[in-house]
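**Student:** So for the sequence shown, the working numbering puts the first residue at 19; every next one is plus one. This structure is in structure tokens; I'll ask about it shortly.
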Amino acid sequence: MLSSLQNPLALASRLLFAALFLPAGIAKLTGFAGTVGYISSVGLPMPTVAAAVAAVVEIVGSLALIVGFGTRFAALVLAFFTLVASFFFHAYWSVPADAQMVQQLLFFKNIAVVGGLLALTAFGAGAWSVDGQRSGR
19 MLSSLQNPLA
29 LASRLLFAAL
39 FLPAGIAKLT
49 GFAGTVGYIS
59 SVGLPMPTVA
69 AAVAAVVEIV
79 GSLALIVGFG
89 TRFAALVLAF
99 FTLVASFFFH
109 AYWSVPADAQ
119 MVQQLLFFKN
129 IAVVGGLLAL
139 TAFGAGAWSV
149 DGQRSGR
């Protein structure tokens with residue numbers, strides 16, 4: 019029975035990931051100065067470049083997931099991006115004790131997102147995608 023749900027679940031997975039990353043990418047563009055400031059606050063070099071790269075990764079990656087085009091690559095890039103960002107922006111081990119719980123929760127939420135993106139990388143977009151149509155599934 020669950021195998022009959024493979025394609026609709028793969029589509030739902032792609033859309034739900036896009037629901038996380040697309041608004042974040044758009045917000046980075048519309049609030050670009052704030053994004054640059056936030057990136058600067060954690061000490062990353064070239065914050066303007068980093069903000070632009072982050073916005074492009076989130077927007078282009080989301081659009082790729084929505085239509086299911088280059089899904090495995092897009093999911094892998096988003097997984098790497100999320101993993102790296104987690105260590106810089108949710109470093110719960112280096113914040114005051116009263117802020118640790120929230121940052122730890124956000125860190126491990128991101129780790130779970132990385133896991134889901136790696137599963138999407140491993141198993142692909144499913145038949146209800148551009149990738150699926152191109153492969154004849």
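We put the CB at the ideal spot given by N, CA and C, even for glycine.
1. Taking all protein chains shown into account, decide if Ala130 is buried (16 or more other Cβ within 10 angstroms of its Cβ) or exposed.
2. I need the straight-line Cα distance from Val113 to Ser147, nearest angstrom please.
3. Below 8 Å, can you find three or more Cβ-Cβ pairs linking the segment 42 to 58 to the segment 69 to 83?
4. Name the two residues that bound the continuous alpha helix (DSSP H) containing Gly52.
5. Going straight from the alpha carbon of Leu23 to that of Ala30, what length do you get?
**Tutor:** Reading off the structure:
1. exposed
2. 42 Å
3. yes
4. 50 to 59
5. 10 Å
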